Amino acid sequence: MNLPSRVKVVEVGPRDGLQNEKAVVPLAAKIAFVEALADAGLPVVEAGAFVRADRIPQMADSDQVFAGIRRRRGTVYAALVPNRQGFDKAVASKVGEIGVFTAASEAFNQKNINASIAESIDRFSEFVPEARAKKIRVRGYVSTCWVCPYAGPVPPAAVLDVARRLIGLAVDEISLGDTVGAAAPQEVERTLKTLLDAGVEPTKLAFHGHDTRGTALANALAALASGISVLDSSAGGLGGCPYAPGAAGNLATEDLLYMLHG
Numbered sequence: 000m001n002l003p004s005r006v007k008v009v010e011v012g013p014r015d016g017l018q019n020e021k022a023v024v025p026l027a028a029k030i031a032f033v034e035a036l037a038d039a040g041l042p043v044v045e046a047g048a049f050v051r052a053d054r055i056p057q058m059a060d061s062d063q064v065f066a067g068i069r070r071r072r073g074t075v076y077a078a079l080v081p082n083r084q085g086f087d088k089a090v091a092s093k094v095g096e097i098g099v100f101t102a103a104s105e106a107f108n109q110k111n112i113n114a115s116i117a118e119s120i121d122r123f124s125e126f127v128p129e130a131r132a133k134k135i136r137v138r139g140y141v142s143t144c145w146v147c148p149y150a151g152p153v154p155p156a157a158v159l160d161v162a163r164r165l166i167g168l169a170v171d172e173i174s175l176g177d178t179v180g181a182a183a184p185q186e187v188e189r190t191l192k193t194l195l196d197a198g199v200e201p202t203k204l205a206f207h208g209h210d211t212r213g214t215a216l217a218n219a220l221a222a223l224a225s226g227i228s229v230l231d232s233s234a235g236g237l238g239g240c241p242y243a244p245g246a247a248g249n250l251a252t253e254d255l256l257y258m259l260h261g
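When you number the sequence shown by numbering that gives the first Met the number 0, it's gap-free, plus one each residue, and the end is 261.
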């Protein structure tokens, strides 16, 4: 395997991990969690999301999390934002990176955010240029890049189409999600090859795997072998997706790091 010599790990536990928890996690625990992850040396920690509290109640206090954390030099603190209102809150909270999100499946996008793919991209295209002007990094999340829980397998061409639209907005990075954890390594390779053969730069791409069927680590290795050097993970394998029935936790950060160091 021709593997990259260095890999960036994006820690999503405080957001993608906690958003699926049923019990309310106290603010102090969230702050301690974010600080511990940053102190461990993770370069990017997704600390929260500025979304509707009635839909994702665990993220309702994200502004307080950002206000309360001790910020470590060299760590980027990121947040998910769905719209202009969320972006304004992120700016006020001095977020270093915003994540905007859409899907490669129309059916999933409708269930997740009640909008088509085109409508979701139009929403955040209103403020992405402003984020770049303010020197805030922009990350585009694309859900269901392999399998949609409502529509089944997602063709690589659909993923390429969404990736091209995000590149047109000049996002810094595109995280490709195996949202329900149904992909196998060869399928990961096939979709990535479609994007790379079409001219998408590997430095623009990240892989975000869920471990529903125990393949997240194998899929991460397939992504690395394809030339991708940014991987998302969640401490303890926390996570899932409230709008993806059957999706289990994320790739565990500690398992990923063990493999990478090896």
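Glycine included, each C-beta is placed from N, C-alpha and C at the ideal position. Quick caveat: nothing in here was measured; it's all calculated off a predicted structure.
Residue i and residue j closer than 9 Å at C-beta
i: D196; j: V187; result: no
i: V80; j: A91; result: no
i: V153; j: W145; result: yes
i: I120; j: L165; result: yes
i: V179; j: T143; result: yes
i: L250; j: S225; result: no
i: A182; j: G151; result: no
i: V127; j: L168; result: yes
i: L175; j: F206; result: yes
i: K134; j: E172; result: no
i: L159; j: V6; result: no
i: V170; j: G139; result: yes
i: F86; j: A52; result: no
Identity of the residues DSSP links to residue i by a beta bridge
i: S92; result: Answer is none; S92 lacks a bridge partner.
i: C147; result: G151
i: L41; result: DSSP, once it has assigned bridges, lists no residue as partnering L41.
i: V76; result: Reading off the sequence shown, one finds Tyr at residue 76, where the question assumed Val. Y76 pairs with V44.
i: D121; result: Answer by DSSP bridge pairing: none, since D121 is not bridged.
i: A102; result: S142
i: D53; result: The partner list for D53 (beta bridge, DSSP) is empty, contrary to what the question assumes.
i: L175; result: V141, F206
i: V8; result: L230
Whole-Å CB distance - residue i paired with residue j, under 8 Å assumed
i: P3; j: G47; result: Contact doesn't hold; Cβ gap of about 29 Å is too wide.
i: T190; j: P148; result: Between P148 and T190 the Cβ distance is about 17 Å, and since that is not below 8 Å, they are no contact.
i: I116; j: V161; result: 6 Å
i: E45; j: V9; result: 7 Å
i: L19; j: G238; result: A quick correction: the sequence has Asn, not Leu, at residue 19. With 8 Å as the limit, N19 and G238 qualify as a contact, their Cβ atoms being about 6 Å apart.
i: K29; j: L17; result: 7 Å
i: Q57; j: V24; result: 6 Å
i: V75; j: V43; result: 5 Å
i: A37; j: R71; result: 4 Å
i: A78; j: S61; result: 6 Å
i: E118; j: R83; result: With a Cβ gap of about 14 Å, E118 and R83 do not count as contacting.
i: A217; j: P184; result: 5 Å
i: D210; j: G248; result: 6 Å
i: A102; j: N111; result: 7 Å
Collapsed DSSP secondary structure at residue i in the structure displayed
i: R136; result: strand
i: G85; result: helix
i: I97; result: strand
i: L168; result: coil
i: F266; result: Because the chain is modelled from 0 through 261, residue 266 falls outside the range shown and cannot be assessed.
i: N113; result: coil
i: N108; result: helix
i: A247; result: coil
i: D62; result: helix
i: D196; result: helix
i: K29; result: helix
i: D231; result: strand
i: G67; result: helix
i: G213; result: coil
i: P187; result: For clarity, residue 187 is Val in the given sequence; the question names Pro instead. The answer is helix: DSSP assigns V187 an H, G or I state.
i: V23; result: coil
i: V158; result: helix
Proximity test, residue i beta-carbon vs the ligand NAP heavy atom, cut-off 8 Å
i: D210; result: Absence of the ligand NAP is noted for the structure shown, with no ligands found whatsoever.
Requested in this report: Mind the definition here: the stretch 103-112 touches the stretch 56-71 only if three or more C-beta pairs lie below 8 Å; say whether that holds.
Outcome: no
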